[in-house]
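Enquirer: The listed protein sequences derive, respectively, from chains C and L. With our numbering applied, the first sequence covers 2 to 251. With our numbering applied, the second sequence covers 2 to 251. I have a structure here, written as structure tokens, and I will follow up with some questions on it.
Number of protein chains: 2
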Amino acid sequence: MLDCNESDISMPAIARTTPIARDDREPTNPYRVDMDLDDEADELSHLNIPDVVIRRLPIYVRTLHSLLEKEQTSVSSEELARMIDVTAAQIRRDLSYFGKFGKQGKGYDVGYLSDTIERILKLDRTWGMVLCGMGKLGHAIANYRGFQRSSFEITGLFDSDESAVGEVVNELPIRPMRELVDTIREEHIRVGIIATPRVNAQETADMLVEGGVEAILNYAPVILRVPAHVTVREIDPVSALQSMTYYISE
Amino acid sequence: MLDCNESDISMPAIARTTPIARDDREPTNPYRVDMDLDDEADELSHLNIPDVVIRRLPIYVRTLHSLLEKEQTSVSSEELARMIDVTAAQIRRDLSYFGKFGKQGKGYDVGYLSDTIERILKLDRTWGMVLCGMGKLGHAIANYRGFQRSSFEITGLFDSDESAVGEVVNELPIRPMRELVDTIREEHIRVGIIATPRVNAQETADMLVEGGVEAILNYAPVILRVPAHVTVREIDPVSALQSMTYYISE
DNA sequence: TAGATTGTTAATCGATTAACAATC
DNA sequence: TAGATTGTTAATCGATTAACAATC
């Protein structure tokens with residue numbers, strides 16, 4: 002399988018977070034055959050799929066799970082669309098990037114579609130994560146229960162303040178930053194969380210990347226510079242608030 | 002100034018969060034004159050401006066602040082663009098929705114531009130906020146230091162669990178949910194934060210809206226139904242992680 | 001079979017960008 | 001003035017949607 006990763010030049014984090022296309026995909030290939038999961042696993046296919054689509058998939062999974070809880074086994078794009086407040090056409094279009102998962106006249110099997118999207122997103126395994134920066138925010142993230150039912154588990158806590166080192170938070174000891182890179186390498190960690198102060202975020206990102214992390218969840222209000230093969234998403238409640246006040250009346 | 006708010010029908014929260022336009026704006030108005038702040042304050046003008054643009058403004062403000070810290074007084078769209086990793090054209094286009102703030106040949110005055118955008122976003126005042134749901138996550142948000150230098154301040158904590166009521170967190174007592182609506186009304190609160198369990202998020206949103214809240218920061222993994230005049234932004238670290246693993250190699 | 005709903009196309013809509021005249 | 005950079009236009013690019021043939 003040839004390596005057609007054509008641009009490995011440094012790509013800004015904000016661009017990865019914002020709707021972009023890294024490559025022109027051919028919009029409709031007349032020779033395309035009914036794909037199944039072997040083809041979806043193709044490492045190169047993701048270059049073709051808009052990031053906006055990828056970012057909607059977790060919402061589809063979450064919604065399908067809520068249907069499973071209610072023991073509903075079948076769902077149409079129309080019904081799913083109503084639950085999520087998007088158009089049915091968008092759901093069908095989004096899914097069609099990956100294959101054919103429904104049955105005309107019937108809709109989608111909830112369990113099968115949910116499993117399929119989870120496999121596409123590589124959620125069919127558990128991802129260990131390192132958490133960097135163990136101030137108040139870091140403590141809160143280490144204790145966060147939202148990860149429990151997900152495919153993510155924090156496996157290492159790090160802080161540059163030696164006086165914080167050794168403290169145990171949610172059953173894990175805080176370790177010194179200088180051990181970060183080696184730990185990532187040894188434990189094959191691919192996901193990092195940055196909860197450091199603003200000024201230390203970039204150097205922390207650099208270390209995460211050096212160790213081999215390819216996905217960074219960034220809680221620091223800074224735009225990180227990372228190589229093109231690394232994805233960054235921002236968690237930025239202050240920016241979110243600041244953009245909402247614009248719409249407040251009076 | 003005529004009321005051209007043509008659709009006041011209920012609009013889903015996800016649509017407000019995603020790039021949308023509620024109204025077709027006329028792309029270029031030949032009669033448009035050099036606007037200054039009086040015109041920007043026009044309550045109706047926001048119907049014309051894409052939400053993607055509004056969501057970028059806080060990043061501009063943050064970046065301008067970092068220049069002010071370095072005592073840089075002037076900046077070109079080119080330089081700002083490099084710092085944020087967008088194109089200079091996009092910055093100029095974004096700003097042009099609101100008026101003319103630069104000088105040809107010179108660039109922008111950092112302080113003036115920063116103040117101007119803050120005024121556009123209504124950040125030239127302090128917004129009181131109610132925080133609903135005082136579990137672990139709620140505690141973390143109540144203690145969050147990121148709000149300190151911002152225009153936001155949590156002024157009330159609420160929880161439906163009567164046994165939590167009375168506990169003081171970061172100098173504020175937790176109060177019972179049944180006091181929420183009246184408190185919002187009496188204190189003219191316009192911003193609410195939801196940190197309740199998933200199942201209680203919608204009913205909490207309903208109460209916030211009933212009280213008069215127009216902006217909701219939602220930490221619960223649920224799509225909220227709110228009237229069109231209410232803006233919702235999601236803080237959803239799990240979804241962010243779930244969409245990043247897609248790109249991880251191997 | 002008739003009815004329902006998918007998967008896919010083409011049309012539409014919206015956002016970004018390159019280019020440049022205006023102007024400091 | 002000459003050089004620099006804005007504000008704005010038109011062109012391009014990308015994402016969404018409506019519509020419908022395919023098909024369960």
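Where a beta carbon is used, it is the ideal one built from N, C-alpha and C, also for glycine.
Quick one: Cα of residue 174 of chain L to Cα of residue 248 of chain L, how far?
Expert: The sequence position of residue 174 of chain L within the second sequence is 173, counting from 1. The sequence position of residue 248 of chain L within the second sequence is 247, counting from 1. About 44 Å.
Enquirer: Are the C-beta atoms of residue 81 of chain L and some chain C residue less than 8 Å apart?
Expert: Translated into positions along the second sequence, residue 81 of chain L becomes position 80. No, its Cβ sits nowhere closer than 8 Å to a Cβ of chain C.
Enquirer: Roughly how far, in whole angstroms, is the beta-carbon of residue 54 of chain L from the beta-carbon of residue 98 of chain L, given that I think they are within contact range, below 8 Å?
Expert: Within the second sequence, the letter at position 53 stands for residue 54 of chain L. Within the second sequence, the letter at position 97 stands for residue 98 of chain L. Indeed they touch by this definition, with Cβ atoms about 6 Å apart.
Enquirer: Would you tell me roughly how many angstroms separate the C-alpha atoms of residue 68 of chain L and residue 107 of chain L, rounded to the nearest one?
Expert: Reading the second sequence from its first residue, position 67 is the one you call residue 68 of chain L. Reading the second sequence from its first residue, position 106 is the one you call residue 107 of chain L. Each residue's alpha carbon lies about 16 Å from the other.
Enquirer: Just how far apart, CA to CA, sit residue 159 of chain L and residue 176 of chain L?
Expert: As a position in the second sequence, residue 159 of chain L is number 158, starting the count at 1. As a position in the second sequence, residue 176 of chain L is number 175, starting the count at 1. About 5 Å.
Enquirer: Looking at the unbroken beta strand (DSSP E) that takes in residue 176 of chain C, where does it start and where does it end?
Expert: Residue mapping note: residue 176 of chain C aligns to position 175 of the first sequence, counting from 1. First-last of the beta strand (DSSP E) with residue 176 of chain C: 173-177.
Enquirer: Can you pull the chain L neighbours of residue 137 of chain C, defined as C-beta to C-beta under 9 Å?
Expert: Position 136 of the first sequence, counting from 1, holds the residue named residue 137 of chain C. Per Cβ cutoff of 9 Å: 141, 144, 145, 146.
Enquirer: Strictly by DSSP, which residues pair up with residue 233 of chain C?
Expert: As a first step, residue 233 of chain C is located in the first sequence; it is residue number 232 there, counting from the start. Residue 233 of chain C is bridged to C:217.
Enquirer: Would you call the region 219-235 of chain C and the region 190-209 of chain C touching, i.e. three or more CB-CB distances under 8 Å?
Expert: Segments in contact, yes.
Enquirer: Counting C-beta neighbours from all protein chains within 10 Å, is the total for residue 115 of chain C 16 or more, i.e. buried, or is it exposed?
Expert: Translated into the one-based positions of the first sequence, residue 115 of chain C becomes position 114. Classification of residue 115 of chain C: buried, given that the 10 Å Cβ count is 16 or more.
Enquirer: Any C-beta of chain C sitting closer than 8 Å to the C-beta of residue 66 of chain L?
Expert: Against the second sequence, residue 66 of chain L aligns to sequence position 65. So, not an interface residue.
Enquirer: What does the alpha-carbon distance come out to for the pair residue 240 of chain L and residue 152 of chain C?
Expert: Here the question's residue 240 of chain L lines up with position 239 in the second sequence. Here the question's residue 152 of chain C lines up with position 151 in the first sequence. When rounded, the distance between both Cα atoms is 11 Å.
Enquirer: So, for residue 88 of chain L: in the same chain, excluding its five sequence neighbours on each side, which residues have a beta-carbon less than 8 Å away from its beta-carbon?
Expert: The residue given as residue 88 of chain L occupies position 87 in the second sequence. Only 82 meet the Cβ criterion.
Enquirer: Can you pull the chain C residues whose beta carbon is under 9 Å from the beta carbon of residue 61 of chain L, in chain order?
Expert: By one-based count along the second sequence, residue 61 of chain L stands at place 60. Correct list: empty, because the minimum Cβ distance to chain C is about 10 Å.
Enquirer: Kindly indicate if chain L contains any beta-carbon less than 8 Å away from that of residue 70 of chain C.
Expert: As a position in the first sequence, residue 70 of chain C is number 69, starting the count at 1. With 8 Å as the cut-off, residue 70 of chain C does not count as an interface residue toward chain L.
Enquirer: Quick one, which of L:76, L:121, L:140 has its alpha-carbon nearest residue 112 of chain L's?
Expert: On the second sequence, position 111 is the one that residue 112 of chain L refers to. Of L:76, L:121, L:140, the residue nearest in Cα terms is L:76.
Enquirer: Grab the span of the alpha helix (DSSP H) containing residue 84 of chain L for me, first residue to last.
Expert: On the second sequence, position 83 is the one that residue 84 of chain L refers to. Taken as a continuous stretch (DSSP letters only), the alpha helix (DSSP H) holding residue 84 of chain L covers 78-85.
Enquirer: Pull up the distance between the alpha-carbon of residue 236 of chain C and that of residue 74 of chain C, whole angstroms please.
Expert: Translated into the one-based positions of the first sequence, residue 236 of chain C becomes position 235. Translated into the one-based positions of the first sequence, residue 74 of chain C becomes position 73. Distance between the alpha carbons of residue 236 of chain C and residue 74 of chain C is about 34 Å.
Enquirer: In terms of residues, what are the limits of the alpha helix (DSSP H) holding residue 130 of chain L?
Expert: The residue you call residue 130 of chain L lines up with position 129 of the second sequence. Looking at the DSSP string, residue 130 of chain L is not in any alpha helix (DSSP H); the run it does join, the beta strand (DSSP E), is 128-133.
Enquirer: Compute the distance between the beta-carbons of residue 90 of chain C and residue 135 of chain C, then report whether it is under 8 Å.
Expert: The count along the first sequence starts at 1 and reaches residue 90 of chain C at position 89. The count along the first sequence starts at 1 and reaches residue 135 of chain C at position 134. In this structure, residue 135 of chain C does not lie closer than 8 Å to residue 90 of chain C by Cβ.
Enquirer: Give the range of the alpha helix (DSSP H) segment to which residue 95 of chain L is assigned.
Expert: Position 94 of the second sequence, counted from the first residue, corresponds to residue 95 of chain L. From DSSP, the alpha helix (DSSP H) with residue 95 of chain L extends over 89-97.
Enquirer: Could you give the first and the last residue of the continuous beta strand (DSSP E) run that contains residue 154 of chain L?
Expert: Taking the first residue of the second sequence as 1, we reach residue 154 of chain L at position 153. Where residue 154 of chain L is concerned, the enclosing beta strand (DSSP E) stretches over 153-160.
Enquirer: Do residue 246 of chain C and residue 124 of chain L have their beta-carbon atoms positioned less than 8 Å apart in this structure?
Expert: Locating residue 124 of chain L in the second sequence gives position 123, where the first residue counts as 1. Locating residue 246 of chain C in the first sequence gives position 245, where the first residue counts as 1. Taking 8 Å as the Cβ cut-off, residue 124 of chain L and residue 246 of chain C qualify as a contacting pair.
Enquirer: Taking the alpha-carbon positions, what's the residue 149 of chain L to residue 93 of chain C distance?
Expert: The residue you call residue 149 of chain L lines up with position 148 of the second sequence. The residue you call residue 93 of chain C lines up with position 92 of the first sequence. Going by the C-alpha atoms only, they are around 44 Å apart.
Enquirer: Could you give the C-beta distance for residue 252 of chain L and residue 185 of chain L, rounded to a whole number, given that I count them as a contact under 8 Å?
Expert: Since the displayed chain L opens at 2 and closes at 251, residue 252 of chain L lies outside it and no answer follows.
Enquirer: For residue 127 of chain C, does the count of other Cβ atoms within 10 angstroms reach 16, so buried, or fall short, so exposed?
Expert: Residue mapping note: residue 127 of chain C aligns to position 126 of the first sequence, counting from 1. Exposed is the call here.
Enquirer: Distance, Cα to Cα, residue 52 of chain L vs residue 169 of chain C?
Expert: As a position in the second sequence, residue 52 of chain L is number 51, starting the count at 1. As a position in the first sequence, residue 169 of chain C is number 168, starting the count at 1. Spanning the two alpha carbons is a distance of roughly 43 Å.
Enquirer: List the endpoints of the continuous beta strand (DSSP E) containing residue 109 of chain C.
Expert: Position 108 of the first sequence, counted from the first residue, corresponds to residue 109 of chain C. First-last of the beta strand (DSSP E) with residue 109 of chain C: 108-110.
Enquirer: Assign residue 136 of chain L to one of three DSSP states: helix, strand, or coil.
Expert: In the second sequence, the residue the question calls residue 136 of chain L occupies position 135. DSSP places residue 136 of chain L in coil when its eight states are reduced to three.
Enquirer: On the DSSP bridge assignment, give the partners of residue 75 of chain L in chain order.
Expert: In the second sequence, counting from the first residue as 1, residue 75 of chain L sits at position 74. Answer by DSSP bridge pairing, in chain order: L:110.
Enquirer: So, residue 214 of chain L versus residue 228 of chain L, is the Cβ gap smaller than 8 Å?
Expert: As a working note, residue 214 of chain L is residue 213 in the second sequence. As a working note, residue 228 of chain L is residue 227 in the second sequence. Contact flag unset, no.
Enquirer: Are the CB atoms of residue 57 of chain C and residue 95 of chain C nearer to each other than 8 Å?
Expert: By 1-based counting over the first sequence, the position of residue 57 of chain C is 56. By 1-based counting over the first sequence, the position of residue 95 of chain C is 94. Yes, the pair counts as a contact, with Cβ atoms nearer than the cut-off.
Enquirer: Measuring only between beta-carbons, confirm whether residue 102 of chain L sits less than 8 Å from chain C.
Expert: Position 101 of the second sequence, counted from the start, is the residue given in the question as residue 102 of chain L. No, residue 102 of chain L does not count as interfacial toward chain C.
Enquirer: Does residue 105 of chain C pass the burial test, meaning 16 or more other C-beta atoms within 10 Å, or should it be called exposed?
Expert: Mapped onto the first sequence, residue 105 of chain C falls at position 104. It is exposed - the Cβ of residue 105 of chain C has fewer than 16 other Cβ atoms within 10 Å.
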